[in-house]
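A.B. asks: First the structure, then my questions, so here it is.
Residue numbers (mature numbering (1 follows the signal peptide of the UniProt record, and there is no 0)): -25 to -1, 1 to 117.
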């Protein structure tokens, strides 16, 4: 199942790339994207920041709805942590034996399990190590 999702997402990105390279106006990619988003309420917006242009979209109304980033910020946080060399693939985040709210969080974690189980205490630890000023700079660069 997980491989199918990855394959579908890869196909979706390839199609989005084709649309991006050939389109001058935003293209509704619903016919292509619908099967990939089946069973979810997702949306997709491909935007070219250099030209300030929307390239392709699926379920645009959903994309226009503001939502808290929640766990999606872990993706940016992980990029920052790897780039700042605060973590690498072999990093072990040591659990301090204090209950953390979810049983799965109450153990040591790796970067992989941090992402897999959305381990909040690891995100907090990484955020403190990077520091607010560096995070602001990274976010400006994204």
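Note that CB positions come from ideal geometry on N, CA and C, so glycine has one too. Since we're looking at a predicted model, the values are computed, not measured.
In angstroms with no decimal places, state the Cα-to-Cα distance between residue 10 and residue 20.
C.D. replies: 16 Å
A.B. asks: Check whether the Cβ atoms of residue 110 and residue 59 lie closer than 7 Å to each other.
C.D. replies: The answer is no: Cβ separation not under 7 Å.
A.B. asks: Quick check: what's the CA-CA separation for residue 113 versus residue 103?
C.D. replies: 14 Å
A.B. asks: Among 1, 47 and 5, which has the Cα closest to the Cα of residue 28?
C.D. replies: Per the Cα distances, 1.
A.B. asks: Tell me residue 3's beta-bridge partners as DSSP assigns them.
C.D. replies: 32
A.B. asks: Rounded to whole angstroms, what's the CA-CA distance from residue 88 to residue 40? Just pull it up for me.
C.D. replies: 30 Å
A.B. asks: Alpha carbon to alpha carbon, how far is residue 116 from residue 131? Give it in angstroms, no decimals.
C.D. replies: Limits of the chain in this structure are -25 at one end and 117 at the other, which puts residue 131 out of reach.
A.B. asks: Check residue 57 in the structure and name its three-state DSSP category.
C.D. replies: helix
A.B. asks: With the cut-off set at 7 Å, would you say residue 84 and residue 95 are in Cβ contact?
C.D. replies: no
A.B. asks: Might you give, ordered along the chain, the residues of its own chain that have their beta carbon closer than 6 Å to the beta carbon of residue 55, omitting 5 neighbours on each side?
C.D. replies: 105 and 113
A.B. asks: Rounded to whole angstroms, what's the CA-CA distance from residue 3 to residue 26? Just pull it up for me.
C.D. replies: Rounded to the nearest angstrom, the gap between the Cα atoms of residue 3 and residue 26 is 19 Å.
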